[in-house]
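Student: Counting from 2, one number per residue, gives the positions in the sequence shown under our numbering.
Glycine included, C-beta positions come from ideal geometry on N, C-alpha and C.
As the structure is a computational prediction, the values presented were derived from the model and not from experiment.
Below is one structure. I have some questions about it.
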Amino acid sequence: MATTVAPPAAATAVDIGTEVHRLIAELYPICRSITGDGFRETLRRLRTHAPLSVLEVPSGTPVLDWIVPNEWNIRDAYVKDSRGERIVDSRRSNLHVMSYSIPVHRRVSLAELKAHCFSLPDHPDWIPYRTSYYNEAWGFCLAHQQLEALAEGEYEVCIDSTLAPGHLTYGELLVLGTTSQEILISCHTCHPSLCNDNLSGVAVATFLARHVLDSGPRRYSYRFLFIPGTIGSITWLAKNEAVVPRIKHGLVLAGLGDAGSLHYKRSRQGDADIDRAVSHVLRHAGRSHEVMDFTPYGYDERQYCSPGYDLPVGCLSRTPYGRYPQYHTSADDLDFVRPEALADSYATCLAVFDVLEGNETLLNQSPRGEPQLGRRGLYGAIGGQSQQPVDEAALLWVLNLSDGRHDLLAIAEGAGLPFAAIRRAADLLVAHDLLAVVPQQGAR
Ligand code: ZN
Numbered sequence: 002m003a004t005t006v007a008p009p010a011a012a013t014a015v016d017i018g019t020e021v022h023r024l025i026a027e028l029y030p031i032c033r034s035i036t037g038d039g040f041r042e043t044l045r046r047l048r049t050h051a052p053l054s055v056l057e058v059p060s061g062t063p064v065l066d067w068i069v070p071n072e073w074n075i076r077d078a079y080v081k082d083s084r085g086e087r088i089v090d091s092r093r094s095n096l097h098v099m100s101y102s103i104p105v106h107r108r109v110s111l112a113e114l115k116a117h118c119f120s121l122p123d124h125p126d127w128i129p130y131r132t133s134y135y136n137e138a139w140g141f142c143l144a145h146q147q148l149e150a151l152a153e154g155e156y157e158v159c160i161d162s163t164l165a166p167g168h169l170t171y172g173e174l175l176v177l178g179t180t181s182q183e184i185l186i187s188c189h190t191c192h193p194s195l196c197n198d199n200l201s202g203v204a205v206a207t208f209l210a211r212h213v214l215d216s217g218p219r220r221y222s223y224r225f226l227f228i229p230g231t232i233g234s235i236t237w238l239a240k241n242e243a244v245v246p247r248i249k250h251g252l253v254l255a256g257l258g259d260a261g262s263l264h265y266k267r268s269r270q271g272d273a274d275i276d277r278a279v280s281h282v283l284r285h286a287g288r289s290h291e292v293m294d295f296t297p298y299g300y301d302e303r304q305y306c307s308p309g310y311d312l313p314v315g316c317l318s319r320t321p322y323g324r325y326p327q328y329h330t331s332a333d334d335l336d337f338v339r340p341e342a343l344a345d346s347y348a349t350c351l352a353v354f355d356v357l358e359g360n361e362t363l364l365n366q367s368p369r370g371e372p373q374l375g376r377r378g379l380y381g382a383i384g385g386q387s388q389q390p391v392d393e394a395a396l397l398w399v400l401n402l403s404d405g406r407h408d409l410l411a412i413a414e415g416a417g418l419p420f421a422a423i424r425r426a427a428d429l430l431v432a433h434d435l436l437a438v439v440p441q442q443g444a445r
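Encoded structure:
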């Protein structure tokens, strides 16, 4: 099959980064959690870019070993001092209220208030991000310097929230390809005003969905999931047992906007095609990067790679979660995510898609001795009129390793050449009947 789209030109890439950043800025003020109207509002905005389906699963639904929790909604949260002034106000930052806080409205002493406050002594002007999904509690998050400066006295605390039976909401988009085999793209969408974790993944996935929709038919079907972390992937897996076997490759996207280099965490399988494809793309991008082995912590790859599924799903990030001080704080803001990093992450995903789409196992139809390339005009194709000349070494590598046991990605790796060069050589050889498709799968 022919190779798919070329990587975006430099000018386009910058524009994409700006557009992705603009979407992050639009979503930033919304108070999201694992359930509730903030999540719905986020999906509503994403639907202006790509036609996601919005699915609702009732609270109390058993999903694998879990139960869909009650739905949380928040209207207001504040702490007032003795003069009635809002000294902590969720309208200034939605990080001020601990996510899933139960409602409270009463007067408390400073000591009691402090027992419900979270701050970061090492970064005294940042607000931390805290949640209490599965323990009923209430709390405020604030800058340590503000907490330290609070005077003795009485305070009014108010969290105007509801935690009640409702739904878990998630977004899903399936873009059909010419086969029912799927590439899964999953991102957690449950954090409030935090940009790198998780809006960068949400926004990049949205623009990838838009691109896949707009760029014409592909071999694979693409499934995009916008879900609350952990409970969302568990819910999706529980409800989609019939779909799971169709997932041939997958990526969890998170933390794609910071200035750090790209990091890829392999799937649990370790040598799945997605692991080979991402490693190949990163190596040939010519920039520093890191490929890491699977670990059973992190994002939703934990669920996709649980042993009962063991799906070929890796995780692509820039600086991994928890390895930057801004992680889960108010400093993970609009300045922390950069258009050029977002554009690079987006282009990397498209390059991975191209490798997966273009990879297949072909069989040399003239394997006894080298076929005579000059007679077929194939040497003339080398460095010829085409903008992307076919490399002679690529032709020879493809012919030699197309023994039915190496796919084109393995040949690219063996040759030390970018996948696209190998794919172009294979296209030319197929056109001259020197290569043919091997029907069975799984060869390397
Ligand atoms: Zn997080």
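1. Going along the chain, which residues of its own chain have a beta-carbon closer than 6 Å to the beta-carbon of ASP311, five neighbours each way excluded?
2. How would you call ASP434, buried or exposed, if buried means at least 16 neighbouring beta carbons within 10 angstroms?
3. Please determine, among LEU209, ARG219 and VAL282, the residue with the shortest C-alpha to C-alpha distance to PRO52.
4. Compare the C-beta of ASP38 with all C-beta atoms of chain C and state if any pair is closer than 8 Å.
5. Looking only at its chain, what residues have a beta carbon closer than 6 Å to the beta carbon of ARG108, apart from the 5 residues adjacent to it on each side?
6. By Cβ distance, which residues of its chain are closer than 6 Å to LEU357, with the 5 residues on each side in sequence left out?
7. Measuring alpha carbon to alpha carbon, tell me which residue in ASP334, ASN401 and THR330 is nearest LEU28.
8. What residue ranges within the region 81-121 form continuous beta strand (DSSP E) runs of no fewer than 3 residues, ordered along the chain?
9. Determine the direct distance from the alpha carbon of THR163 to that of THR180, and round the result to whole angstroms.
10. What is the DSSP secondary structure of PHE40, counted as helix, strand or coil?
11. Using 10 angstroms around the beta-carbon of ALA427, count the other beta-carbons present and answer buried if the total reaches 16, otherwise exposed.
12. Nearest by alpha-carbon distance to ALA116: which of PRO125, LEU143 and HIS124 is it?
13. May I ask which residues mark the beginning and end of the beta strand (DSSP E) holding SER223?
14. Does the region 389-405 come within contact of the region 367-378, defined as at least 3 CB pairs closer than 8 Å?
15. Where do the ends of the alpha helix (DSSP H) carrying ALA286 lie?
16. Examine the ligand ZN and report whether any of its heavy atoms sits within less than 7 Å of the Cβ of TYR135.
17. State the Cα-Cα distance for the pair SER91 and ILE186, rounded to the nearest angstrom.
18. Is it the case that the Cβ atoms of LEU436 and ASN360 are separated by a distance below 8 Å?
19. With respect to 7 Å, is the separation between the Cβ of GLY322 and the closest non-hydrogen atom of the ligand ZN below this value?
20. Note down, in chain order, each residue of its chain lying with its Cβ closer than 7 Å to the Cβ of HIS285, except the 5 sequence neighbours on either side.
21. Looking only at C-alpha atoms, which of GLN327, ARG224 and ASP16 sits nearest to GLN182?
22. According to DSSP, is THR320 part of a helix, a strand, or is it coil?
23. Do LEU343 and LEU257 have their C-beta atoms within less than 8 Å of each other?
24. Note down, one range per segment and in chain order, each beta strand (DSSP E) of at least 3 residues found wholly within the region 233-288.
25. Run through DSSP, which three-state label would LEU435 get?
26. Enumerate in chain order the residues of its own chain whose CB-to-CB distance from HIS264 is below 6 Å, with the five nearest sequence positions on each side excluded.
27. Could you name the residues that DSSP lists as bridge partners for TRP73?
28. For a quick check, are the C-beta atoms of THR207 and THR43 less than 8 Å apart?
29. SER187 by DSSP, collapsed to three states: which one?
30. In or out: HIS106 buried (at least 16 other Cβ within 10 Å) or exposed?
31. Return the Cβ separation of VAL391 and SER201 in integer angstroms, given the expectation that the two are a contact with Cβ distance under 8 Å.
32. Is the beta carbon of LEU121 less than 8 Å from the beta carbon of HIS145?
33. I believe LEU96 touches SER194 by the beta-carbon criterion, under 8 Å. Please report the beta-carbon distance rounded to the nearest angstrom.
34. THR36 and LEU169 look like a contact to me (Cβ under 8 Å); what is the Cβ gap, rounded to whole Å?
35. Per DSSP, what kind of secondary structure is THR231 in: helix, strand or coil?
36. Let's test the definition: count the other Cβ atoms within 10 Å of the Cβ of ILE17 and tell me whether it reaches 16, buried, or not, exposed.
Tutor: Per the coordinate set shown:
1. On the sequence shown, residue 311 is found 310 positions in, with the first residue counted as 1. The residues are ARG269.
2. Taking the sequence shown and counting its residues from 1, one reaches residue 434 at position 433. Flag for ASP434 reads exposed.
3. Working through the sequence shown from its first residue, we reach residue 52 at position 51. Looking at the Cα atoms, LEU209 is the closest of the given residues.
4. Going by chain labels, chain C is absent from the structure shown, which holds only one protein chain.
5. Along the sequence shown, read from residue 1 onward, the residue named residue 108 stands at position 107. So the qualifying residues of the chain are GLU155 and GLU157.
6. Along the sequence shown, one-based indexing puts residue 357 at 356. Cβ neighbours of LEU357 beyond the five flanking positions: HIS250 and ALA278.
7. Counting from one through the sequence shown, the residue named residue 28 turns up at place 27. For the residues ASP334, ASN401 and THR330, the minimum Cα distance to LEU28 belongs to ASP334.
8. 87-90 and 105-110
9. As a working note, residue 180 is residue 179 in the sequence shown. As a working note, residue 163 is residue 162 in the sequence shown. In a straight line, the C-alpha of THR180 is about 45 Å away from that of THR163.
10. Along the sequence shown, one-based indexing puts residue 40 at 39. Correct three-state label for PHE40: helix.
11. Taking the sequence shown and counting its residues from 1, one reaches residue 427 at position 426. So ALA427 counts as buried.
12. Residue mapping note: residue 116 aligns to position 115 of the sequence shown, counting from 1. The candidate whose alpha carbon is nearest that of ALA116 is LEU143.
13. The residue you call residue 223 lines up with position 222 of the sequence shown. Going by the sequence as given, residue 223 is Tyr instead of Ser. 222-228 is the span of the beta strand (DSSP E), which, as asked, contains TYR223.
14. yes
15. Taking the sequence shown and counting its residues from 1, the one referred to as residue 286 is at position 285. First-last for ALA286: undefined, no H or E at that position.
16. Numbered from its first residue, the sequence shown carries residue 135 at position 134. No.
17. In the sequence shown, residue 91 corresponds to position 90, counting from 1. In the sequence shown, residue 186 corresponds to position 185, counting from 1. Computed Cα separation, rounded: 32 Å.
18. Position 435 of the sequence shown holds residue 436. Position 359 of the sequence shown holds residue 360. Contact: no.
19. Your numbering for residue 322 matches position 321 in the sequence shown. Residue identity check: residue 322 is Tyr in the sequence provided, not Gly. The answer is yes for TYR322.
20. As a working mapping, residue 285 is identified with position 284 in the sequence shown. Once the five neighbours on either side are set aside, the close Cβ partners of HIS285 are PRO419.
21. Here residue 182 refers to the residue found at position 181 when the sequence shown is read from its first residue. Nearest of GLN327, ARG224 and ASP16 to GLN182, Cα basis: ARG224.
22. Numbered from its first residue, the sequence shown carries residue 320 at position 319. Note: THR320 maps to coil in three-state DSSP.
23. Numbered from its first residue, the sequence shown carries residue 343 at position 342. Numbered from its first residue, the sequence shown carries residue 257 at position 256. Against a cut-off of 8 Å, the Cβ pair of LEU257 and LEU343 comes out as a contact.
24. 248-254 and 263-266
25. Taking the first residue of the sequence shown as position 1, residue 435 is located at position 434. Three-state DSSP puts LEU435 in coil, outside helix and strand.
26. Stepping through the sequence shown from its first residue, residue 264 is reached at position 263. So the list reads GLU291, SER318 and PRO321, once near-sequence residues are dropped.
27. Translated into the one-based positions of the sequence shown, residue 73 becomes position 72. DSSP lists LEU164 as partners of TRP73.
28. Against the sequence shown, residue 207 aligns to sequence position 206. Against the sequence shown, residue 43 aligns to sequence position 42. In this structure, THR43 does not lie closer than 8 Å to THR207 by Cβ.
29. Start at 1 with the first residue of the sequence shown, and residue 187 comes out as number 186. In this structure, SER187 counts as strand in the three-state DSSP scheme.
30. Position 105 of the sequence shown holds residue 106. By the 10 Å Cβ count, HIS106 comes out exposed.
31. Residue 391 sits at position 390 when you count from the first residue of the sequence shown. Residue 201 sits at position 200 when you count from the first residue of the sequence shown. Incorrect: roughly 37 Å between the Cβ atoms, too far for contact.
32. Residue mapping note: residue 121 aligns to position 120 of the sequence shown, counting from 1. Residue mapping note: residue 145 aligns to position 144 of the sequence shown, counting from 1. Contact flag set, yes.
33. Working through the sequence shown from its first residue, we reach residue 96 at position 95. Working through the sequence shown from its first residue, we reach residue 194 at position 193. About 6 Å separates the two Cβ atoms, so the contact holds.
34. By 1-based counting over the sequence shown, the position of residue 36 is 35. By 1-based counting over the sequence shown, the position of residue 169 is 168. Going by Cβ atoms, the distance from THR36 to LEU169 rounds to 5 Å, so yes, they are a contact pair.
35. Position 230 of the sequence shown, counted from the first residue, corresponds to residue 231. Residue state, collapsed to three classes: coil.
36. For the purposes of this step, residue 17 is taken as residue 16 along the sequence shown, with counting starting at 1. By the 10 Å Cβ count, ILE17 comes out buried.
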